[in-house]
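J.: Residue numbers (my numbering): 19 to 815.
For every residue, glycine included, the Cβ atom is placed at its ideal position computed from N, Cα and C.
Okay, structure coming up:
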């Protein structure tokens, strides 16, 4: 394993790449022989190496030419991802009709070109181009350095290169061993790509992690000669990668063993099913299936056949395993007891499609998803449909599903959309939950109303919730020369006055849920939300459009001009209600109106959750869920917070507990990963929830919860769990007091692990739980507040 690989690094040319994974001889993944072909399937050595000089992870030395890929069918997830990605790229890179676009077709992943053309971009066959698009092309090219040089040469002055590629991070963290295959020559990271781009005169300017294909990254790069600005997302990606050890060769030493655990689990599962006489089949014939089945030592004696949507693969077989490939309808004919989902990265989409095919047939199989971690799903427990990355959200809780349209008498029609304003579209689960709850109320009681959202990431809101959306502010143009950017910023904010007035003028009402608008813990810049809110309030007053603040939170804002803008806007609202008494009193202090607003509660408390799986509903008396937050909620370093939480987790393990870490924002993932690594104990794991529904599923079986984020506590208290708060803000203490457990509150910035453990032991010993009568009272108050808002909206209509 430690011997140098016999290859030069495909990025920097170094002769020092070291083999870190040796999978032996494996069938060529893109070769699908005819099912009746008696010839043995050829195999080639399969190794993975890493260059210590530039940190590029890459395929080991290749022997002989690899076969051409078999035709595949783009999944609905890939198609939806392509559409969402194009919208995001057009917005982020300020592309306009008439700009030229050149796409490098890799035959892997749905083409983005037709969607760019729909947006008015002009396709060209060769450079220079304003936009060069590489969708999973880099990974499949053996000579990486030459390909990047060619990309740079294709770029016009002022142009942008956009690349999406499979990210090495999920490979390392999830043991996605089946992605190591012939034809995948490089496994990229920002750490490895940044110096390669720079060597060819390019600057990495933007980066976003997307979970499509098991975990990818979309990056933007511009010519250094254009003096481009660099988005903070680049530093965030590099920080995340370094935290995971992607700058060290030894990080990958355990990858092979991690992957073997998943493949061994698959074989053991199939052997057990055969011994029980269960009928088994598989879904999918992706190229990676050959590697997965080969490493699991699975053949057609354990897996009689698989099905795939691609007609070109029917009548062929998965190489090595000799598993025949058939049409999906074969599953309905045979009705197997269990289906192994080989296309595990789109498992939800696959199950949703089969659910529709099987409707009314009575077929109720179990689905086994082997990676990233083995899991079982059924038609009942799988999410309602496939989901793409940009919008990788599970189906909404029951209370949020849109009802059938209500038929109104007469010819009453909508006067205009209901506009919702807030810090929405990002990864914060609490803000998203407030919006989801408000959206459910609108759909339930005003079903004829269209909803339009003003937020920071409108593309995600549209994809997640099927609403129209727009930016709160006009985004800055990436190509503006650096000396002119301050002038541009002022000009854009002035232009936003007219833009906001135009958006408000036709609205039925403007609603602001508790979505981070008036909270100052993480910083509030005057030209950000304060100015945007004031501008919105002035426009609403000008056009006599109701402005309704619903269940909002507020906290002290240090910057005086920000406070003045908030106060000026709040004096113009038609109706205001607040999450708690402290928020109400802070706003009253800003506005000088002692009678302004009432306390209604947090909108997220209106949500109700279904059990997502049978496992989630089974109580686990040994499980304690610990909710963490990046830096403990502070803007400065959080090393001491991480150390104290690690000490706390180790103390729980020493007491015989299993520990599950959760967050409330993708920014918390790094903290969870760090604590899991520091503990190094199989009894400590983490769950990366992408919605409050998933967070509720993670918390549901726990015996107790210790939480830092506010909405960790909201769910724990809502579920009636013994709960200890490591609050990062006063609102956490207030929430605990409202639910009758003020003595179980600690501060994230100063708690001692021993004190928290003692408080938890005492709570469990004495059965201390939140007051069960509080939640119904809060929900009644929120419903009453919403009734007032609804009357104001319908009165304006």
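Going by beta carbon distance, what residues of the same chain come within less than 8 Å of residue 279, once the five residues before and after it are set aside?
T.: For residue 279, where only same-chain residues beyond five positions count, the Cβ hits under 8 Å are 193.
J.: Determine the contact status of residue 563 and residue 525, defining contact as a CB-CB distance below 7 Å.
T.: A contact, by the Cβ cut-off of 7 Å.
J.: Determine the closest residue to residue 249 out of 264, 270 and 226, with distance taken between C-alpha atoms.
T.: Checking every option, the nearest Cα to that of residue 249 belongs to 226.
J.: Tell me whether residue 399 sits in a helix, a strand or coil according to DSSP, three-state version.
T.: Of the three classes helix, strand and coil, the one that applies to residue 399 here is coil, per DSSP.
J.: Specify the secondary structure class of residue 817 as computed by DSSP and reduced to three states.
T.: Here the chain covers residues 19 to 815 and nothing more, so residue 817 does not appear.
J.: Given this structure, state the Cα-to-Cα distance separating residue 396 from residue 354, to the nearest angstrom.
T.: Cα to Cα, residue 396 sits roughly 13 Å from residue 354.
J.: How about residue 196 and residue 66: are their beta carbons less than 7 Å apart?
T.: Their beta carbons are not under 7 Å apart, which means residue 196 does not touch residue 66 by this criterion.
J.: Would you call residue 478 buried or exposed, if buried means 16 or more other Cβ atoms sit within 10 Å of its Cβ?
T.: That one is buried.
J.: Between residue 150 and residue 239, what straight-line distance do the alpha-carbon atoms span, to the nearest angstrom?
T.: Approximately 10 Å, taken between the alpha carbons.
J.: Kindly identify the DSSP beta-bridge partner or partners of residue 181.
T.: According to DSSP, residue 181 bridges with 152 and 237.
J.: Can you give the Cα-Cα distance for residue 561 and residue 257, rounded to whole angstroms?
T.: So the two alpha carbons sit approximately 46 Å from each other.
J.: Helix, strand or coil for residue 166? Go by DSSP, reduced to three states.
T.: Looking at residue 166 - three-state DSSP - the assignment turns out to be helix.
J.: Please classify residue 350: is it buried, with 16 or more other beta-carbons within 10 angstroms of its beta-carbon, or exposed?
T.: Classification for residue 350: exposed.
J.: Measure the C-alpha to C-alpha separation of residue 443 and residue 62 and round it to an integer number of angstroms.
T.: Answer to the nearest angstrom: the Cα atoms are 46 Å apart.
J.: Who pairs with residue 564 in a beta bridge, going by DSSP?
T.: In the DSSP output, where bridge partners are listed per residue, residue 564 has none listed.
J.: Once DSSP output is grouped into helix, strand and coil, what is the label at residue 188?
T.: The answer is helix: DSSP assigns residue 188 an H, G or I state.
J.: Would a C-beta distance cut-off of 7 Å place residue 598 and residue 752 closer than the cut-off?
T.: In contact: residue 598 and residue 752 (Cβ atoms closer than 7 Å).
J.: With DSSP as the reference, label residue 890 as helix, strand or coil.
T.: Lying outside 19 to 815, the shown extent of the chain, residue 890 is not represented and no answer is given.
J.: Report the three-state DSSP secondary structure of residue 626 (helix, strand or coil).
T.: It is coil, neither helix nor strand.
J.: Three or more C-beta pairs closer than 8 Å, one from the stretch 153-169 and one from the stretch 203-215: is that the case here?
T.: With a cut-off of 8 Å, the stretch 203-215 and the stretch 153-169 count as touching, because enough Cβ pairs lie within range.
J.: Just checking my contact of residue 622 with residue 743 at CB under 8 Å: how many whole Å lie between their CB atoms?
T.: That belief does not hold up - the Cβ atoms of residue 622 and residue 743 are roughly 16 Å apart, past 8 Å.
J.: The beta strand (DSSP E) that contains residue 645, what's its start and end?
T.: Element bounds for residue 645: 641-645.
J.: Using CA coordinates, which residue listed in 595, 601 and 611 is at the minimum distance from residue 589?
T.: Closest option to residue 589, Cα to Cα, is 611.
J.: Less than 7 Å between the C-beta atoms of residue 8 and residue 360, yes or no?
T.: Only positions 19 to 815 of the chain appear in the structure, and residue 8 is not among them; the question remains open.
J.: Enumerate in chain order the residues of its own chain whose CB-to-CB distance from residue 92 is below 6 Å, with the five nearest sequence positions on each side excluded.
T.: The answer, listed in chain order, is 128.
J.: For the beta strand (DSSP E) that contains residue 436, what are its first and last residues?
T.: It spans 436-439 - the beta strand (DSSP E) in which residue 436 sits, taken as one unbroken run.
J.: Taking DSSP's pairing of strands, which residues face residue 134 in a bridge?
T.: The partner list for residue 134 (beta bridge, DSSP) is empty, contrary to what the question assumes.
J.: For my contact list, residue 678 and residue 705 are in at a C-beta cut-off of 8 Å; report their separation, rounded to the angstrom.
T.: At roughly 6 Å, the Cβ-Cβ gap stays under 8 Å, so residue 678 and residue 705 are in contact.
J.: Taking contact to mean 3 or more Cβ pairs, one atom from each stretch, closer than 8 Å, check whether the stretch 68-78 and the stretch 26-43 are in contact.
T.: The answer is yes - the stretch 26-43 touches the stretch 68-78, with three or more Cβ pairs under 8 Å.
J.: Please state whether the Cβ-Cβ distance between residue 469 and residue 436 is less than 7 Å.
T.: Going by C-beta atoms, residue 469 is nearer than 7 Å to residue 436.
J.: Does DSSP classify residue 61 as helix, strand or coil?
T.: DSSP places residue 61 in strand when its eight states are reduced to three.
J.: Please identify the residue among 64, 749, 685 and 364 whose C-alpha is closest to the C-alpha of residue 96.
T.: Selected option, being the one with the closest Cα: 364.
J.: Look at residue 335 and residue 346 and say whether their C-beta atoms are less than 7 Å apart.
T.: The answer is no: Cβ separation not under 7 Å.
J.: Which residues in the same chain as residue 699 place their Cβ atom closer than 6 Å to its Cβ, once the five residues preceding and following it in sequence are excluded?
T.: Excluding positions up to five away in sequence, the list reads 671.
J.: Which term fits residue 745, buried or exposed, when burial requires 16 or more other beta carbons within 10 angstroms of its beta carbon?
T.: It is buried - the Cβ of residue 745 has at least 16 other Cβ atoms within 10 Å.
J.: What are the boundary residues of the beta strand (DSSP E) that residue 118 is part of?
T.: That run of the beta strand (DSSP E) goes 118-122.
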